[in-house]
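In the numbering used here, the protein residues as written are 4 to 205.
Just so it is clear, CB atoms sit at the ideal spot from N, CA and C, and this is done for glycine as well.
Shown next, in structure tokens, is the structure this report addresses.
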Amino acid sequence: MREDGQRATDRAASGPDAAMAADMAAAQGGDAQAYRRLLRACAPVIARVARGQGLRGEAVEDVVQDTLVTLHRARASYDPARPFLPWLGAIARRRSVDALRRGGRQPREVHDPAAYEGEADPAPGPGMGIEARERSAHLRRAVAALPQGQREAVEHLALRERSLDEAARLTGRSKGALKVNLHRALKALRGALSGERERGDV
4 MREDGQRATD
14 RAASGPDAAM
24 AADMAAAQGG
34 DAQAYRRLLR
44 ACAPVIARVA
54 RGQGLRGEAV
64 EDVVQDTLVT
74 LHRARASYDP
84 ARPFLPWLGA
94 IARRRSVDAL
104 RRGGRQPREV
114 HDPAAYEGEA
124 DPAPGPGMGI
134 EARERSAHLR
144 RAVAALPQGQ
154 REAVEHLALR
164 ERSLDEAARL
174 TGRSKGALKV
184 NLHRALKALR
194 GALSGERERG
204 DV
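The following block contains the structure:
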């Protein structure tokens, strides 16, 4: 217990970026507690970025959800040796721009060279193609095993990156129900995928 408390103190003392980078690295290794802590810490950061782009109200919540889904899908591409917050900020700005375009509004131009320097290289490293295909196959199986409502939420909101409005129209479900189903689905998928990792399947 004392070691856990010391680690938490060290993380806090080293600043939010270092703490979030450490949690992301731990999450990449299958630490579910670190991943939950990271997602909680990310939400207010993403909301600030969305509001900075001119979004308000429910649109901000949508960007938070969309960004967290994107983070979940792209987490393997994050390089723990690079700053975390610029990487997260770049994703949040892209999702904010998407939301503005869906709403017919023009995105606000933001000059932020640090975001480009801190963003992970999207090019896969050696051997990553095979691992990515294996992870993709595991993810497809895990999604297929979800209850129908959760599966629809993941397919429309996460995999096809549709807006809540579009997904609600196509599924006949309310936006609130879709958000709840997506949250439950992501939790179930994290559990399923971390279980496969522990068995050495991933």
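query: Reduced DSSP category for R176 - H, G, I as helix; E, B as strand; rest coil; result: coil
query: Rounded C-alpha distance that separates L162 from G18; result: 33 Å
query: Nearest-angstrom beta carbon gap, D20 and P86 [assumed within contact, 8 Å]; result: 5 Å
query: Nearest-angstrom Cα separation, counted from P83 out to G121; result: For G121, the pLDDT reaches just 49, beneath the cut-off of 50, and the residue's location in the model is therefore unreliable, leaving the point undetermined.
query: Rounded C-alpha distance that separates G33 from S99; result: 29 Å
query: Whole-Å CB distance - L103 paired with Q56, under 8 Å assumed; result: 7 Å
query: Cβ contact (3+ pairs, closer than 8 Å) linking the region 37-56 and the region 147-160; result: no
query: Sub-7 Å separation of L185 and L160 beta-carbons; result: yes
query: Where the alpha helix (DSSP H) containing Y38 begins and where it ends; result: 35-55
query: Where R143 falls, given that 16 or more other Cβ within 10 Å makes a residue buried; result: exposed
query: Start-to-end residues for the alpha helix (DSSP H) that takes in P89; result: 87-105
query: Assigned exposure category for P47 - 16 Cβ within 10 Å defines buried; result: exposed
query: Beta-carbon proximity list for A15, same chain, < 7 Å, skipping 5 on both sides; result: Caution is warranted here: a pLDDT of 40 is assigned to A15, below 50, making its placement in the model unreliable, and the coordinate value is therefore given only provisionally. Contacts found: A22.
query: Alpha-carbon to alpha-carbon, R76 and L173; result: 23 Å
query: For L149, the three-state DSSP class (helix, strand or coil); result: coil
query: Option in S80, Y81, R97 with minimal Cα separation from V1; result: The structure shown has nothing for residue 1, since the chain only spans 4 to 205.
query: Which of helix, strand or coil DSSP assigns to S80; result: helix
query: Which listed residue (I94, D168, K182, A29) has its alpha carbon closest to that of R51; result: I94
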